[in-house]
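Numbering (our numbering), first residue to last: 156 to 480.
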Ligand SMILES: NC(=O)c1ccc[n+]([C@@H]2O[C@H](COP(=O)([O-])OP(=O)(O)OC[C@H]3O[C@@H](n4cnc5c(N)ncnc54)[C@H](O)[C@@H]3O)[C@@H](O)[C@H]2O)c1
């Protein structure tokens, strides 16, 4: 049993690859390194530098390594960028994603764990958000993921592709040797920690007039190790012959942007300069998960749900990076 991990050189993909290996799974990584890092994948793991849309390459990997399941992380994932440049989101996430699905099916791979997102829900009609909530994205990134969910459902009916669409809320935190490292960085916790390290002058807070407790956006932060664990459980679920499904992954606890910054102040002991900016297009006010299905269907139990622990793990990783450079 060998698993193809697309996007395994990225943040969540690299942590999941490491966990899979530690649990005795055979893994192969495919990543074009457009946003990932070669050194995030251990050198003894088979690594292919290439595009998920390269059907010949995917077919060759599937044949060479007898792939029987795929965890598909590879995508572009910045909401703001998707609003200003939707073409690259539809080309990379949808067009290339469809070619990947085609190559997998052609190669006899019928089990897929897909990185979907809470951005497929759009502006919440109720909080917490469960999987039955309407999906009406407010940005092209969310649409690109929803399109792939839709396509996978049709491929299940026609070609028996069994999938788990994991709708993550905000991935965060780090392990001892793998963390969040994007360029440019758009995610809140790394931006705040870079400000503490003096790499940035201040943190921009986009919108202070949302209908939330302090006017800033509220999000549900989930530790990357808890996310990784859910991928392994999803593979077990598929291997047991279960039906395709969609599952939220969050902690069910919402924190505002200002609360996250305050937590980072407590963790690091540093003052953090904040600048209030206008709202960004495409940002819903609240995104908080009802993840009871992850518990009941997958048997998932988050082990690192505390925001302080999440920020602390990210801070330790950031500190280590600066000491190594
Ligand atoms: N980070 C989050 O909070 C979050 C939340 C919800 C969903 N997701 C989804 O999880 C997945 C992983 O997110 P991440 O934060 O680790 O992102 P990331 O950018 O760190 O990792 C994505 C990886 O995919 C690779 N990639 C992109 N397009 C590719 C292509 N066409 N062919 C081959 N490789 C390609 C990149 O080089 C990168 O290594 C993405 O699909 C993202 O949409 C992330």
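We put the CB at the ideal spot given by N, CA and C, even for glycine.
By Cβ distance below 7 Å, which residues in the same chain neighbour residue i in space, the five residues on each side in sequence not counted?
| i | result |
| --- | --- |
| residue 187 | 204, 205, 206 |
| residue 239 | none |
| residue 480 | Its pLDDT being 45, under 50, residue 480 is placed unreliably by the model, and nothing is read from it. |
| residue 342 | 335 |
| residue 193 | 164 |
Which of helix, strand or coil does DSSP assign to residue i?
| i | result |
| --- | --- |
| residue 273 | helix |
| residue 288 | coil |
| residue 444 | strand |
| residue 432 | strand |
| residue 209 | coil |
| residue 296 | helix |
| residue 301 | helix |
| residue 480 | Any answer about residue 480 is weak, because its pLDDT of 45 lies below 50 and its placement is not dependable; what the coordinates show is given next. Residue state, collapsed to three classes: coil. |
| residue 121 | Limits of the chain in this structure are 156 at one end and 480 at the other, which puts residue 121 out of reach. |
| residue 423 | helix |
| residue 459 | coil |
| residue 394 | helix |
| residue 497 | The requested residue 497 does not occur in the structure, where the chain is confined to residues 156 to 480. |
Relative to the C-alpha of residue i, which candidate in the options has its C-alpha closest?
| i | options | result |
| --- | --- | --- |
| residue 395 | 452, 359, 418, 308 | 452 |
| residue 435 | 343, 235, 160, 179 | 235 |
| residue 322 | 169, 291, 398, 402 | 402 |
| residue 232 | 324, 174, 171, 308 | 324 |
| residue 346 | 173, 448, 427 | 427 |
| residue 157 | 262, 475, 315, 182 | 182 |
| residue 373 | 255, 223, 282 | 282 |
| residue 303 | 318, 397, 293 | 318 |
| residue 263 | 437, 221, 332 | 221 |
| residue 475 | 431, 167, 349, 409 | 349 |
| residue 356 | 195, 430, 196, 445 | 430 |
| residue 256 | 417, 280, 226 | 226 |
| residue 489 | 420, 409, 439, 459 | With the chain represented from 156 up to 480, any question about residue 489 goes unanswered, as that position is not in the structure. |
| residue 308 | 284, 253, 338, 297 | 253 |
Suppose the cutoff is 6 Å on Cβ atoms and the five residues either side in sequence are ignored; what does the same chain contact list for residue i look like?
| i | result |
| --- | --- |
| residue 369 | 411, 413 |
| residue 295 | 237, 241, 244 |
| residue 191 | 164, 165 |
| residue 229 | 161, 162, 207 |
| residue 328 | 378, 379, 465, 468, 469 |
| residue 266 | 224, 317, 393 |
| residue 383 | 170, 171, 174 |
Give me, in chain order, the residues of the same chain whose beta-carbon lies closer than 8 Å to that of residue i; leave out the 5 immediate sequence neighbours on both sides.
| i | result |
| --- | --- |
| residue 467 | 422 |
| residue 385 | 321, 402, 404, 449, 453, 455 |
| residue 364 | 370, 434 |
| residue 218 | 262 |
Please indicate yes or no: does the CB of residue i lie closer than 6 Å to some heavy atom of ligand 2?
| i | result |
| --- | --- |
| residue 189 | In the structure shown, ligand 2 is absent; the only ligands present are ligand 1. |
*In chain order, which beta strand (DSSP E) runs of at least 3 residues are fully inside the region 332 to 364?*
358 to 361
*Every unbroken beta strand (DSSP E) inside the region 157 to 199 [3 residues or more]*: 157 to 161, 181 to 186
_Restricting to runs no shorter than 4 residues, where is the alpha helix (DSSP H) found entirely within the region 205 to 261?_
210 to 220, 234 to 239, 241 to 244, 251 to 261
*Should the region 195 to 202 be regarded as contacting the region 172 to 181, the criterion being three or more beta carbon pairs within less than 8 Å?*
yes
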